[in-house]
Amino acid sequence: MGEVDTGPAGHRARMRKRLLENGPDALLDHELIEYLLALAIPRRDTKPLARKLIAEFGSIGALLNADAATISRLGLGDGAVAALKIAHASAIRMLRSEVRERPVLASWQALLDYLRADLAHIGVERVRALFLNGKNMLIRDELMNEGSIDEAAIYVREVLRRAMDLGASGLILVHNHPSGDPAPSRQDIVITRDIAEAGKRLGVTVHDHIIIGAKGHSSLRSLGLI
13 MGEVDTGPAG HRARMRKRLL ENGPDALLDH ELIEYLLALA IPRRDTKPLA
63 RKLIAEFGSI GALLNADAAT ISRLGLGDGA VAALKIAHAS AIRMLRSEVR
113 ERPVLASWQA LLDYLRADLA HIGVERVRAL FLNGKNMLIR DELMNEGSID
163 EAAIYVREVL RRAMDLGASG LILVHNHPSG DPAPSRQDIV ITRDIAEAGK
213 RLGVTVHDHI IIGAKGHSSL RSLGLI
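Under our numbering, think of the first position of the sequence shown as 13, with each following residue one higher.
Structure representation (structure tokens):
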């Protein structure tokens, strides 16, 4: 009877077996990162590195959403960083496809999952507009502005001009709060109402303004603020 391999190779083989037989929930967050890194740096024991990365960023979502330069500063080479960014890009594309294939207002949870994965953990504020056609299908998801860690401006005329260029009949505003708190500010409420009022005159409906933070999300429509 052969000896059980207790080294890194044996450990990875057991993780692979658990993953293939039982699906993604069979591995803990640090184990997913550990195995992913092992594909990029196979001769290294990646368990301590994976645990360090999760501890440093606080969660697997925050790690995958971090920019390449930030991850690199923790001592990872280009191959390991690329492996993490490939995993993030794949997740975003899968979630985005769920949003594109169905009417947005009828697949709200899919939209929130996509936005949280894309925006919840980034360190600067980004303003996006999701432009919809008459059947509430997504025409375009566009970055309208990017700001400092504190704020990014939303310009009424710029958003509505783009809606008219695309032939959109509706839109959803989205931005993130790097602080993690998704509660709308007074400025968020005012600018949303300004865009909604101007949109009415042009036949463009502002369905909602969603604010994403690491602690959750806020919907100005659900809060009765528009």
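Beta carbons: idealized from backbone N, C-alpha and C, even for Gly.
Since the structure is predicted, the reported quantities are computational estimates derived from the model, not experimental observations.
beta-carbon residue i near the ligand MN non-hydrogen atom, thresh 8 Å
i      : result
Arg114 : Among the components modelled here there is no ligand, and therefore nothing to report on the ligand MN.
Simplified DSSP state of residue i, which is helix, strand or coil
i      : result
Val216 : coil
Glu158 : strand
His187 : strand
Arg112 : helix
Arg169 : helix
Arg56  : coil
Asp236 : Asp is not the amino acid found at residue 236; the sequence shown has Gly there. Three-state DSSP puts Gly236 in coil, outside helix and strand.
Gly192 : coil
Leu40  : coil
Gly70  : coil
Ser102 : helix
Within 9 Å, strictly: CB atoms of residue i and residue j
i      : j      : result
Leu75  : Ile53  : no
Val139 : Ala165 : yes
Ala175 : Leu183 : yes
Asp153 : Val218 : no
Leu96  : Leu49  : yes
Leu214 : Leu172 : yes
Selected residue, minimal CA-CA separation from residue i, among the options
i      : options                       : result
Glu113 : Leu144, Gly236, Val139        : Leu144
Pro9   : Ala132, Gly91, Ser71          : Since the first and last residues shown for the chain are 13 and 238, residue 9 lies out of range.
Leu61  : His42, Asp79, Ser71, Asn77    : His42
Ala226 : Val186, Ser71, Ala81, Arg198  : Ser71
Ala118 : Asp130, Asn148, Leu39         : Asn148
Pro6   : Lys59, Asn34, Leu48, Gly35    : With the chain represented from 13 up to 238, any question about residue 6 goes unanswered, as that position is not in the structure.
Glu270 : Ser181, Leu150, Leu86, Val186 : Not covered by the structure: residue 270. The range shown for the chain is 13 to 238.
Ile223 : Ala67, Val111, Gly89, Leu124  : Leu124
Ala208 : Gln199, Ser197, Asp220        : Asp220
Arg105 : Ala129, Leu88, Leu51, Arg85   : Ala129
Leu107 : Tyr126, His100, Gly135        : Tyr126
Val136 : Arg63, Lys212, Asn77          : Asn77
Lys64  : Arg85, Arg55, Ala38           : Arg85
Ser230 : Ala25, Asp200, Leu40, Asp57   : Asp200
Cβ separation of residue i and residue j, assumed to be a contact under 8 Å, to the nearest whole Å
i      : j      : result
Val116 : Leu142 : 7 Å
Arg30  : Leu39  : 6 Å
Per DSSP, cross-strand counterpart(s) of residue i
i      : result
Val139 : Asn157, His187
Gly228 : Gly225
Gly182 : Leu144, Thr217
Leu88  : None; Leu88 has no bridge partner.
Leu32  : Answer is none; Leu32 lacks a bridge partner.
Leu150 : Leu144
Test: residue i CB closer than 9 Å to a CB of chain B
i      : result
Glu158 : No chain B appears in this structure, which consists of one protein chain only.
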